Amino acid sequence: MNDITTTTSSSSIALVAEDFATWRTIVSESFVPLDVKTDIEESFKAQIRMRSLGDVFVSDIGAKSHSVERTPSLIAHGDKRYFKLSLQLSGSGLLMQDNREAVLRPGDLAIYDTDRPYTLAFDNDFRSLVVMVPHPARRAQHHAGTGGATRPRQT
13 MNDITTTTSS SSIALVAEDF ATWRTIVSES FVPLDVKTDI EESFKAQIRM RSLGDVFVSD
73 IGAKSHSVER TPSLIAHGDK RYFKLSLQLS GSGLLMQDNR EAVLRPGDLA IYDTDRPYTL
133 AFDNDFRSLV VMVPHPARRA QHHAGTGGAT RPRQT
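Each residue of the sequence shown is one higher than the one before, starting from 13 at the first, in this note's numbering.
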């Protein structure tokens, strides 16, 4: 059963998931496609507040224990390329990318690339702030398509 509560204002949106299936959909549609898992589907609850600042997205996430994985297959089928900056506000998490691991505790920052596989796991309730910034290659393509980038004139 998908149970979602949505609150919007002119500049932000808040989503509350009362079940894990809803959260799985929210996460993959709000960020980049992700494989989302938990051991506590029956009692799962989460919320996210999001704000768009042009092509930069800021999200305040609070959720119960779960993990997200960005797999090579999901990367190959997607066109969204971002860097994510994550600030751990409460609880702890583990970020794994490029054969490296970082334990995230309140106050810790991590930067990771959605164009490369990663796993982010939370064993308990947590809260984090995530800022998504377009990958420079994506930003250049976007601006080139809209006239934002110019080529030198040859004379």
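Cβ atoms here follow ideal geometry from the backbone N, Cα and C, with glycine treated the same way. All values reported here derive from a predicted model rather than from experimental measurement.
Residue j beta carbon less than 7 angstroms from that of residue i
i    : j    : result
L99  : L141 : yes
I123 : L107 : no
G105 : F134 : yes
L101 : R61  : no
G171 : N136 : Because the chain here runs from 13 to 167, residue 171 falls outside it and cannot be looked at.
Between the CA atoms of residue j and residue i - distance to the nearest angstrom
i    : j    : result
V80  : T126 : 12 angstroms
S23  : R63  : 6 angstroms
I25  : N111 : 35 angstroms
K57  : K76  : 6 angstroms
V115 : D51  : 20 angstroms
G66  : S55  : 35 angstroms
When the options are compared against residue i, the one with the closest alpha-carbon
i    : options                 : result
A88  : S24, F32, P129 and F134 : P129
D47  : P84, L116, L27 and D67  : P84
M144 : L132, R117 and V44      : V44
Reduced DSSP category for residue i - H, G, I as helix; E, B as strand; rest coil
i    : result
P164 : Note that P164 scores 34 on pLDDT, short of 50, meaning its location in the model is unreliable; the coordinates nonetheless yield the value given after this. Here P164 sits in coil by DSSP.
S42  : helix
T126 : coil
R139 : strand
S104 : coil
F32  : helix
Cβ separation of residue i and residue j, assumed to be a contact under 8 angstroms, to the nearest whole Å
i   : j    : result
R93 : P146 : 7 angstroms
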